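J.:
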Amino acid sequence: MRHEAMEGNTIKTILIIDDEAQIRELLSIYLKNYGFATYEAGNGVDALAVFSNVQIDLVIADIMMPMMDGYELLKKMRHISEVPFLFLSAKSDDMDKIIGLQLGADDYVGKPFNPIEVVSRVQALFRRMDVFSKGEKQSHEIIQIGDVMLDLVSCKLYKNGQQKEVTSYEFKILSLLMKHAGRVFTKASIYEHVWGQEYIGDENLIMVYISKLREKIEDNPRKPVYLITIRGLGYRFEKK
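The numbers in the sequence shown follow full-length UniProt numbering, run straight up by one, and end at 240.
#1: Taking the continuous alpha helix (DSSP H) assigned at GLN22, which residues delimit it?
#2: Taking all protein chains shown into account, do 16 or more other C-beta atoms lie within 10 angstroms of the C-beta of MET178, making it buried, or fewer, making it exposed?
#3: Could you give the DSSP three-state label for TYR199: helix, strand or coil?
#4: If we count Cβ pairs, one from each stretch, closer than 8 Å, do we get three or more for the stretch 164–175 versus the stretch 199–218?
#5: For GLU198, which residues in the same chain have their Cβ closer than 7 Å to its Cβ, ignoring the five residues on either side in sequence?
#6: I'd like to know if the stretch 97–106 and the stretch 80–89 are in contact, where contact means that at least 3 CB-CB pairs between them fall below 8 Å.
#7: Quick one: give me the first and last residue of the alpha helix (DSSP H) that VAL184 is part of.
#8: For LEU125, does the three-state DSSP call read helix, strand or coil?
#9: How is the beta strand (DSSP E) around VAL54 delimited, first residue to last?
#10: Would you list the residues sitting across from LYS172 in a DSSP beta bridge?
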């Protein structure tokens, strides 16, 4: 049975990058069965060539690859695009996952994997993008607290009038906390609001994003005055 994966009349195109041809082919078969178009690359260098010549809507990439690993590939892609990025990796260390998220990855699936799970993660990423995009179109707000300003229309962050680069998930977390300044959010509630999924207990994930946001909005990230940790509970954005 073939499933549809279209927005309007546009078929979503996914770039699959892995040095194992069998994995690329397996994922391509499943994704095409769900209505996606796919391109394949065996390493980061070839992937960049495809990415620069084809409209890609989402990237799935292995971490350990010849010529250019997944981390370096993500760094280069993030200079030119905020396309959703999902890592595949046999590396089970939580630190590897954290590094990927810090670099701007949107999700992470460990090897060996069930291809249906990968398809489900891809669908979830597109759903979240769609909800966020619709929210942008409906919102005409600017939130400013102290010298931190969020433009909810253009999805931009400013600190002391200077624009700070943020990933889509950093922006979503910060907008959630700033819209409800003074309210304490647990890690679970942040995850469920932003990712739209049941919290899976990965505390490091939220901590990584909070740490990255502090680097961008706090004068001294070690002594935050905006993003406050409430021990045993979670985080809140301090009212000014």
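Note that CB positions come from ideal geometry on N, CA and C, so glycine has one too. These numbers were taken from a predicted model, which means no experiment stands behind them.
T.: Looking at the atomic coordinates:
#1: Numbered from its first residue, the sequence shown carries residue 22 at position 22. Looking at the DSSP string, the run of the alpha helix (DSSP H) that includes GLN22 is 21–33.
#2: Position 178 of the sequence shown, counting from 1, holds the residue named residue 178. It is buried - the Cβ of MET178 has at least 16 other Cβ atoms within 10 Å.
#3: The residue you call residue 199 lines up with position 199 of the sequence shown. In this structure, TYR199 counts as coil in the three-state DSSP scheme.
#4: yes
#5: The sequence position of residue 198 within the sequence shown is 198, counting from 1. Correct list, in chain order: GLU192.
#6: Result yes; three or more Cβ-Cβ pairs closer than 8 Å.
#7: Sequence index remark: in the sequence shown, residue 184 carries index 184 (1-based). Premise fails: VAL184 is in no alpha helix (DSSP H) and is neither H nor E.
#8: Locating residue 125 in the sequence shown gives position 125, where the first residue counts as 1. LEU125 falls in the helix class under three-state DSSP.
#9: Position 54 of the sequence shown, counted from the first residue, corresponds to residue 54. Premise fails: VAL54 is in no beta strand (DSSP E) and is neither H nor E.
#10: Taking the first residue of the sequence shown as position 1, residue 172 is located at position 172. According to DSSP, LYS172 bridges with nothing at all.
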